[in-house]
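As structure tokens, the structure follows; a few thoughts come after it.
4 protein chains.
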Amino acid sequence: VDASTPDLWLTECPSAHEKHHFSLKSVLFSGRTKFHQVSIVESHAYGKMLIIDGCVQSSESDEHVYHEALVHPAMVAHPRPNSVLIVGGGEGATLREVLRHPSVQSVVMVDIDSELVEKCHKLLPDWHRGAFDDPRVELVFADGADFIARTRRSFDVAIVDVCDASGVAPAASIYRDSFYVSLRRHLGSNATLAVQAMELSTMSCHDHINVLRGLRSTFVNAVSYATFIPSFWSLWGFVVASDAVDVSHFTPNEIDQILVDRGITLQHYDGGTHMNLFSLPKGIRTALGQ
Amino acid sequence: VDASTPDLWLTECPSAHEKHHFSLKSVLFSGRTKFHQVSIVESHAYGKMLIIDGCVQSSESDEHVYHEALVHPAMVAHPRPNSVLIVGGGEGATLREVLRHPSVQSVVMVDIDSELVEKCHKLLPDWHRGAFDDPRVELVFADGADFIARTRRSFDVAIVDVCDASGVAPAASIYRDSFYVSLRRHLGSNATLAVQAMELSTMSCHDHINVLRGLRSTFVNAVSYATFIPSFWSLWGFVVASDAVDVSHFTPNEIDQILVDRGITLQHYDGGTHMNLFSLPKGIRTALGQ
Amino acid sequence: VDASTPDLWLTECPSAHEKHHFSLKSVLFSGRTKFHQVSIVESHAYGKMLIIDGCVQSSESDEHVYHEALVHPAMVAHPRPNSVLIVGGGEGATLREVLRHPSVQSVVMVDIDSELVEKCHKLLPDWHRGAFDDPRVELVFADGADFIARTRRSFDVAIVDVCDASGVAPAASIYRDSFYVSLRRHLGSNATLAVQAMELSTMSCHDHINVLRGLRSTFVNAVSYATFIPSFWSLWGFVVASDAVDVSHFTPNEIDQILVDRGITLQHYDGGTHMNLFSLPKGIRTALGQ
Amino acid sequence: VDASTPDLWLTECPSAHEKHHFSLKSVLFSGRTKFHQVSIVESHAYGKMLIIDGCVQSSESDEHVYHEALVHPAMVAHPRPNSVLIVGGGEGATLREVLRHPSVQSVVMVDIDSELVEKCHKLLPDWHRGAFDDPRVELVFADGADFIARTRRSFDVAIVDVCDASGVAPAASIYRDSFYVSLRRHLGSNATLAVQAMELSTMSCHDHINVLRGLRSTFVNAVSYATFIPSFWSLWGFVVASDAVDVSHFTPNEIDQILVDRGITLQHYDGGTHMNLFSLPKGIRTALGQ
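Chains A, B, C and D, in that order, give the protein sequences.
With our numbering as the guide, the letters of the first sequence map in order to residues 76 to 365.
With our numbering as the guide, the letters of the second sequence map in order to residues 76 to 365.
With our numbering as the guide, the letters of the third sequence map in order to residues 76 to 365.
With our numbering as the guide, the letters of the fourth sequence map in order to residues 76 to 365.
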């Protein structure tokens, strides 16, 4: 036995026919919340990682790639986002990115799993970086669809950052078309909506297409985009929707100017990245029926 | 024991801290050539796969993504490619893509490993699709650097498609700057050169940067580009170099028009994909020092 | 990537919570027969291996441990075995061991899976070593229970060497009590019966106990025994039954004398091994209710 | 992704060509002491497990098999063990078993790794069951060979329970012949010595043979014995040595009577188990040169 061989591993099974293994330095938490099997580990390759129901949710080394790609296209495309809704986003990093935009005055974050948020708050401080303590933030523990059904508030931007829909509850209610229809009633006329929309490749885009279809049938514009996330070992898809604007039409210079105007400097997202996100390869366009 | 669980697996270790596993239907060949440990397998997820020295080289389901991205930007950027050099490319799929361009009158393919080429010819017919039998093709079994040192021929386009440089021989001689200097002497004034240049992500771009630096110090223009390849589970990098042209400056419309003019329709590459390939995300641009 | 890392692996899952991996040099066959998923591989650690429905059946390096332990206690305990029945035993190694006993004049081997026997005959010659060509052997391709229901022959020794009963068909019919009752009608008064009876440890003996119970309710004597098989990574159980004799009561000297008298020298089985086989540790005796 | 698939695994590599994987409920500790890489985990299959330098040391479900087999043959073979030395044995379970013998008045346990003992004391209470608090026990944190070189005490029974010798320090000093010679000077004329002696199978017995040879050249009698340990997935070897007695010659009845006389009832060890331990299969006897 070679004592230097790592003995603790995280296994992710994207399908019955593929497995990913990450070696671990330590396991900070592993257990069930009311809604999910949750592990928070420290890996050698990607630093700390959050795993929900066997899927890597985000990793210290590249969570900014995911969260910047999810949040900023929709935020930048709104001329002056004031009130923002986040559905899911338990780690607090989506919240952190939203709060970078200086026009934001209130954010409601609705997550169903208070135990998960508490674990992330305590064990993943580099994700939220104090965002939960920002006075502009209201944290609500509820099902996102229930919240939307009951609230009277309206929002300029909504970000949906929930687990993969491939499992059933609790995220299933979020990926139904009826949710988008309800949500749209709470969005202003210039509003934009971004939804994390699962893996997007020529090999695997079924779940993504379901999200895209639902948003296309609800909003005037709904556009897919994608970015590669190293610790996911895959190209990750998002959909941004709006009745007012086609986000994919912004030029790199326009994006860069908006970021400058708002005083925002990011690691992953800028005008050039915007081009990359929205210029999908032909094979994927074909798979999406474009 | 669940009899439906796959029992044969391919393991790839991108580092000591990560492993990928692919389940197999069958193993068509596994053994050593004079230069490499070679396995040719049939996987459930990606169809047939060629593995050299433990690394996935190409897979039935997405080899077109790799080979189109490697070949066409350099070919399209030359106004009328007549003579082409391929270094490596044992599967014959790089050759297949080069031969699509109707102006091509001769292709010299130089591969060091005749046993590997023979195995691919026999076991991977969907890769070469008869390209080895094209009368325009001359197949030379030799070290690429030796061939360049001795030949008097010159080429319009050169494509370097050899294994990762991280292992030592035989590919190491190809990734030295001196090789690029030698090769440049055999290229015409409008010539373009494309080199497969390993993984390219914020997490892993050391080998890529070495290729980019060598080409930048040899050619007027050398530009990185990247595409996601599902069976590599990573973003794959290439460098295209030329004294005459900056390939990244072609617009999507220009690319699409050239492909139409040449009568070429592809699965992965077109004007939109060209934008995607050359608009690298900010994190990668930063890592590349741009 | 370290090119010296093995890339082909066999995975065996004894439960949802444990996995064994064996690195492979090559895969000689992998496919489905009418009855089973069969792989024949060459491993680094154990030489050639036969895997049926995801379970290691026997390995070049230690198949003699399994087959000698299965066959010889029952053969030695019969004063002069003349006619022998083998149910299963597709590799031909059980047959090989039976034929060592010089009094044997006829062996009927009944295996349901002719394709499996053919593959073993061709690819595993070190298992059968020509036993199938012995003129004393009659090979019948049939379900063992059906054969017993129809045959008029009787036997001195019967050896049941079929796959684990945990899967359903085809072996399930063999592990029913009714099979033992039928079989007993075809056994002479001095007859002995040996049955491979799955893993036998304090952690895992449920399947073994089922076999033991069935044989105890059918025969005057039925005794469990076990031996460690390296490529199974476990202690393997057998049951030997007889109306005439308690096989566990033979002393080491008696066993050694019988083997000398018959001119048989083995690698694994002798008087000392007999003691080891039949002196089960207390924990296992407790689990078996003794 | 199937959320019910375990995501945390322990990997043990008995060689470059074999791997064992255990799924984990949780990781109680993982880190380095001054001497070892230590993980304490809770597995689904075997309960809590202690892993040192990548090797499973003992598991909740079967540590009694290991510790009873290590301790009791040597203790039973001494007519009235009064003073006992344990070298290693960090978990405290060897100590627990020694203390069962009512004649014992003092036990010195010498372990080099105080951090390891502390972790086991805190996290593995079912191993020691309070043994460290027994007034007969003296715990010394020192190198076993150094302790023996300096002490003036003598012992009736010595138990050596240190990690595999395959790694270098710190256990290497314990497996040298000079250690046995030194130790013998501190043993009474009726004394017995038991040493954990690594895997013992026809496939793997090199390390065991080294221990056996060293003890044979030092003591009048030195005998190998072995037992199967489920969570080790292998047959585990021990050597018991004595100038006064050949422990393998005790009959089952003698062992059972001694245990009754001492009022000791065990889960794994009794007269029948003693027979099993000391009746090695022929293949192993051959490998040991017997």
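Beta carbons are placed, not taken as given, at the ideal position from N, Cα and C, and that holds for glycine.
As the structure is a prediction and not an experimental result, all values here were calculated from the model.
Alpha-carbon spacing of residue i relative to residue j, whole angstroms
| i | j | result |
| --- | --- | --- |
| Ala78(A) | Ser105(D) | Its pLDDT being 46, under 50, Ala78(A) is placed unreliably in this model, and the value from its coordinates should be taken loosely. Taking the straight line joining both Cα atoms gives about 14 Å. |
| Ala452(B) | Glu135(A) | An answer regarding residue 452(B) cannot be provided, because it is not within the stretch 76 to 365 covered by chain B. |
| Gly219(A) | Val162(A) | 6 Å |
| Asp336(D) | Ala269(D) | 22 Å |
| Val116(A) | Leu145(A) | 23 Å |
| Val76(B) | Gly129(C) | A caution first: Val76(B) carries a pLDDT of 38, below 50, which makes its placement in the model unreliable, though a value can still be read off. Computed Cα separation, rounded: 7 Å. |
| Asp231(D) | Pro156(D) | 5 Å |
| Val286(A) | Leu334(A) | 28 Å |
| Trp290(B) | Tyr255(B) | According to the sequence shown, residue 290(B) is Leu rather than Trp. If you take the alpha carbons of Leu290(B) and Tyr255(B), they lie about 7 Å apart. |
Residue from the options with nearest C-alpha to residue i
| i | options | result |
| --- | --- | --- |
| Tyr121(C) | Asp128(C), Gln112(C), Ser98(C) and Leu103(C) | Ser98(C) |
| Ala217(A) | Gly346(A), Val185(A) and Glu117(A) | Val185(A) |
| His92(D) | Gln112(C), His343(C) and His119(C) | His119(C) |
| Val113(B) | His95(B), Glu138(B) and Glu87(B) | Glu87(B) |
| Val235(D) | Asp209(D), Thr267(D) and Arg227(D) | Thr267(D) |
| His283(A) | Ser257(A), Gly312(A), Val298(A) and Val295(A) | Gly312(A) |
| Cys238(B) | Ser133(B), Arg360(B) and His324(B) | Ser133(B) |
| Pro356(B) | Ser306(B), Leu262(B), Ser276(B) and Leu290(B) | Ser276(B) |
| His95(C) | Trp202(C), Val286(C), Trp308(C) and Val215(C) | Trp308(C) |
| Leu316(B) | Ser90(B), Pro305(B), Asn328(B) and Tyr300(B) | Per the sequence shown, the amino acid found at residue 316(B) is Ala instead of Leu. Measuring from the Cα of Ala316(B), the nearest candidate turns out to be Tyr300(B). |
| Thr326(C) | Asp252(C), Arg260(C), Asn351(C) and Asp318(C) | Asn351(C) |
| Thr293(B) | Asp188(B), Leu214(B), His281(B) and Arg260(B) | Arg260(B) |
| Leu262(C) | Tyr255(C), Asn285(C), Ser229(C) and Leu290(C) | Ser229(C) |
| Gly364(C) | Val314(C), Phe353(C), Arg288(C) and Phe303(C) | Arg288(C) |
| Leu198(C) | Thr361(C), Asp345(C) and Ile126(C) | Ile126(C) |
| Thr340(A) | Ser158(A), Gly167(A), His176(A) and Pro89(A) | His176(A) |
| Asp137(C) | Ala247(C), His203(C), Ala319(C) and His343(C) | His343(C) |
Residue span of the beta strand (DSSP E) that contains residue i, given as start and end
| i | result |
| --- | --- |
| Glu274(C) | Leu262 to Glu274 |
| Cys88(C) | Leu83 to Ser90 |
| Met124(B) | Gly122 to Ile127 |
| Glu213(D) | Val212 to Phe216 |
Coarse secondary structure for residue i, derived from DSSP in three states
| i | result |
| --- | --- |
| Ser181(D) | strand |
| Leu352(C) | helix |
| Glu172(B) | helix |
| His283(C) | helix |
| Gln44(D) | For residue 44(D) there is no data in the structure shown, the boundaries of chain D being 76 and 365. |
| Phe294(D) | coil |
| Cys195(B) | helix |
| His95(B) | strand |
| Thr108(C) | coil |
| Leu363(C) | coil |
| Val235(C) | strand |
| Val322(A) | helix |
| Ile115(A) | strand |
| Asp252(D) | helix |
Where residue i meets chain D, residues with beta-carbon distance less than 9 Å
| i | result |
| --- | --- |
| Phe97(C) | His92, Glu93 and Lys94 |
| Thr226(A) | Near Thr226(A) there are no residues of chain D at all, since even the closest Cβ is about 30 Å away, more than 9 Å. |
Start-to-end residues for the alpha helix (DSSP H) that takes in residue i
| i | result |
| --- | --- |
| Trp311(C) | Looking at the DSSP string, Trp311(C) is not in any alpha helix (DSSP H); the run it does join, the beta strand (DSSP E), is Ser309 to Ser317. |
| Ser158(C) | No alpha helix (DSSP H) holds Ser158(C); the beta strand (DSSP E) holding it covers Ser158 to Gly163. |
Heavy atom of the ligand NAP within 7 Å of residue i beta-carbon
| i | result |
| --- | --- |
| Ser105(C) | Looking at this structure, you won't find the ligand NAP or any other ligand, since it has none at all. |
Contact set between residue i and chain C, taken where Cβ atoms lie within less than 8 Å
| i | result |
| --- | --- |
| Lys357(D) | Leu341, Gln342, His343, Tyr344, Asp345, Gly347 and Thr348 |
Chain-ordered chain A contacts of residue i [CB-CB under 9 Å]
| i | result |
| --- | --- |
| Thr302(B) | Pro356 |
Closer than 7 Å at the beta carbon, the chain D residues around residue i
| i | result |
| --- | --- |
| Asp201(C) | Those do not exist, as Asp201(C) stays about 16 Å from chain D at its closest Cβ, beyond 7 Å. |
| Asp188(A) | Those do not exist, as Asp188(A) stays about 14 Å from chain D at its closest Cβ, beyond 7 Å. |
Closer than 9 Å at the beta carbon, the chain C residues around residue i
| i | result |
| --- | --- |
| Leu310(B) | Here the premise fails: no neighbours, minimum Cβ distance about 17 Å. |
Contact set between residue i and chain A, taken where Cβ atoms lie within less than 8 Å
| i | result |
| --- | --- |
| Glu135(D) | The contacting residues do not exist; Glu135(D) stays about 18 Å from chain A at best. |
Under 9 Å from the C-beta of residue i: neighbouring residues of chain B
| i | result |
| --- | --- |
| His366(A) | For chain A, the structure presents residues 76 to 365; residue 366(A) sits outside this window and is missing. |
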